[in-house]
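**Q**
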Amino acid sequence: MTQRLTDKIVVVTGSAQGIGAAYARRLYADGATVVLADLKQEAVEATAAALTESGPGTATALPLDVSVRASCQALADQLTAAYGRVDGVVNNAAIFSTIEMKPFWEITDADWDQLMAVNLRGPWLLISTLLPLLRAATSASVVNIGSDAVLMGRPGYLHYVASKGGVHGMTYSMAKELGEFGIRVNTLSPGPVYTEIDRGTVTPQQREAMLAAQDLHRPAGPDDMTGTASFLLSDDAAYLTGQTISVNGGLIHR
Numbered sequence: 014m015t016q017r018l019t020d021k022i023v024v025v026t027g028s029a030q031g032i033g034a035a036y037a038r039r040l041y042a043d044g045a046t047v048v049l050a051d052l053k054q055e056a057v058e059a060t061a062a063a064l065t066e067s068g069p070g071t072a073t074a075l076p077l078d079v080s081v082r083a084s085c086q087a088l089a090d091q092l093t094a095a096y097g098r099v100d101g102v103v104n105n106a107a108i109f110s111t112i113e114m115k116p117f118w119e120i121t122d123a124d125w126d127q128l129m130a131v132n133l134r135g136p137w138l139l140i141s142t143l144l145p146l147l148r149a150a151t152s153a154s155v156v157n158i159g160s161d162a163v164l165m166g167r168p169g170y171l172h173y174v175a176s177k178g179g180v181h182g183m184t185y186s187m188a189k190e191l192g193e194f195g196i197r198v199n200t201l202s203p204g205p206v207y208t209e210i211d212r213g214t215v216t217p218q219q220r221e222a223m224l225a226a227q228d229l230h231r232p233a234g235p236d237d238m239t240g241t242a243s244f245l246l247s248d249d250a251a252y253l254t255g256q257t258i259s260v261n262g263g264l265i266h267r
């Protein structure tokens, strides 16, 4: 690993399991002090403990519901007391694996509102709340996690696709507004990624079709995403902002 994130304080949301936990592991290995934030308190504490047992460094687990302003503010208050700044944020928390695939006209108002509250309002709310801490850093970086499902027009979970399309657009506007403070904002946009979490959003037939369409004919795991996140948070990407980077094995060419 690079150790290119030494002395950086980085918050990773939705980091109790899956890709979020993988982001936390990579950033920790690259020298960051990692704050793992998740609703699943017991699971995220276990993930943070496993990191600190794996080697020197600091990993802290804190509760967070990105859809609730008071929860975001409580996190900001704890980070202010502990560190006084935040150098990076990975906006990974999202509703995805529990989505029941259905035509968009069968999506309920409650399903739509809950997903949008987490997937789209959450990143906006968290960065708005953490902004004083990001401004206190020398050169902060925000990595919004999008999805190449936006480009694919994947059927069966339109509300998810719409929420990630909003995240992509949010990155462009955030980058414009935060550039004057030296804060960079980019989107990491994964293609299909397979984790330990069971999900009903990809059928076996769809999986095989996507693998055949990729330039790299192998499934992606969480660790295929993490190096890009580490790069975007690092000083190696000091002049990179307002961009969307697809990590999809060549499934889609931008």
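This note's numbering runs 13 ahead of the 1-based position in the sequence shown. Where a beta carbon is used, it is the ideal one built from N, C-alpha and C, also for glycine. Computed from a predicted model, the values in this text were never measured in an experiment.
Rounded to the nearest angstrom, how far is the Cβ of L139 from that of V79, given a contact under 8 Å?
**A** 5 Å
**Q** Taking the straight line between their C-alpha atoms, what separation do you get for L191 and H266?
**A** 28 Å
**Q** So, do the stretch 172-179 and the stretch 216-226 have three or more beta carbon pairs nearer to each other than 8 Å?
**A** no
**Q** Thinking C-alpha only, which one of V47, A35, K189 and G135 is nearest L253?
**A** K189
**Q** Using a 10 Å radius around the Cβ and a threshold of 16 neighbouring Cβ atoms, would you call D43 buried or exposed?
**A** buried
**Q** Can you give me the C-alpha to C-alpha distance between N132 and P69, rounded to a whole angstrom?
**A** 33 Å
**Q** What residues in its chain sit with their C-beta under 7 Å from that of S247, if we drop five residues either side in the sequence?
**A** Excluding sequence neighbours, S247 sits near R17 and L18.
**Q** Return the first residue and the last residue of the alpha helix (DSSP H) that L75 is part of.
**A** Looking at the DSSP string, L75 is not in any alpha helix (DSSP H); the run it does join, the beta strand (DSSP E), is A72 to P76.
**Q** Note down, one range per segment and in chain order, each alpha helix (DSSP H) of at least 4 residues found wholly within the stretch 37-107.
**A** 54-67 and 82-95
**Q** May I have a chain-ordered list of the beta strand (DSSP E) segments no shorter than 3 residues that lie completely inside the stretch 165-241?
**A** 197-203
**Q** Using the Cα positions of L273 and Y185, report the straight-line distance between them to the nearest angstrom.
**A** Here the chain has residues from 14 to 267 only, and residue 273 is not among them.
**Q** Please look up how many angstroms separate the CB atoms of N279 and V155, rounded, as I've assumed it's under 8 Å.
**A** The question about residue 279 has no answer, for the chain in this structure spans 14 to 267.
**Q** Take the Cβ of Y36 as the centre, count every other Cβ of all protein chains shown within 10 Å, and call the residue buried at 16 or more, exposed below.
**A** It is buried - the Cβ of Y36 has at least 16 other Cβ atoms within 10 Å.
**Q** So, is Q30 buried or exposed, given that buried needs 16 or more other C-beta atoms within 10 angstroms?
**A** buried
**Q** How should A95 be labelled, buried or exposed, when 16 other C-beta atoms within 10 angstroms of its C-beta is the threshold for buried?
**A** exposed
**Q** Please report the distance separating the alpha-carbon of T121 from that of A83.
**A** 26 Å
**Q** Out of A226, L64 and H181, state which residue places its alpha-carbon closest to the alpha-carbon of N199.
**A** H181
**Q** If you drop the 5 nearest sequence neighbours on each side, which residues of the same chain put their C-beta closer than 7 Å to that of Q86?
**A** T142
**Q** Can you tell me the Cβ-Cβ gap for T65 and A72, rounded? I've got them flagged as a contact below 8 Å.
**A** 5 Å
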